[in-house]
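Throughout the sequence shown, residue numbering follows full-length UniProt numbering, covering 1 to 147 in sequence.
All residues carry an ideal CB built from backbone N, CA and C; glycine is no exception.
Working notes, structure below.
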Amino acid sequence: MHDEIDRILIAALMEDSRLSLKALARASGLSSPSVAERLRRLEERGVLTGYTVMVDPKAFGYLLQAIVRIRPLPGQLHSVERQIQAIPQFTECDKVTGEDCFVARLNVRSMEQLDTILDKLANQAETNTAIVKTTPVKRRLPPLTER
């Protein structure tokens, strides 16, 4: 399982995935080689699946973000899934239970672009769209310890 040192390292990397081994060693009380070994084991076990950079889509002209609930028409589930995967403005998509089969996050430059993208799905699915005003909770991990 994961001990307190693993949790400290993971939490530090969630704050800043660019932290050096030296900085992680200071945070955890381990030596840099020990931290490197811990990280390697966490990667091998699939706990750490990658290190990433966060980019604001607005910096690239994507001024609107929408949450789109997508309900494929009968017999169109797999086709709609492939279509969502092929449209790069869909930046996240979950297959869910309930009446809607997919809940997706879409970044667009304009309302016109939103309409154009949703029109591509219109003959295969019903959509329900909400424009994101703010994101009070950014993507984050659940607590790493029981509270």
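Is the CB-CB distance between A59 and A130 below 8 Å?
Going by C-beta atoms, A59 is not nearer than 8 Å to A130.
Using three-state DSSP, classify R71 as helix, strand or coil.
strand
For R41, which option in L9, G29 and I70 has the closest C-alpha, if you only look at C-alpha atoms?
Nearest option by C-alpha distance: L9.
Count the other CB atoms, across all protein chains shown, that sit within 10 Å of the CB of V47; report buried if there are 16 or more and exposed otherwise.
Burial call: exposed.
Using only the alpha-carbon positions, how far apart do E4 and K22 sit?
Taking the straight line joining both Cα atoms gives about 18 Å.
Assuming A125 and R71 form a contact by the criterion Cβ under 8 Å, report the distance between their Cβ atoms to the nearest whole angstrom.
Here A125 really is in contact with R71; their C-beta atoms are around 6 Å apart, less than 8 Å.
From S28 to P143, what distance separates their C-alpha atoms?
18 Å
Expressed to the nearest angstrom, what Euclidean distance is found between the alpha-carbon atoms of R18 and E43?
16 Å
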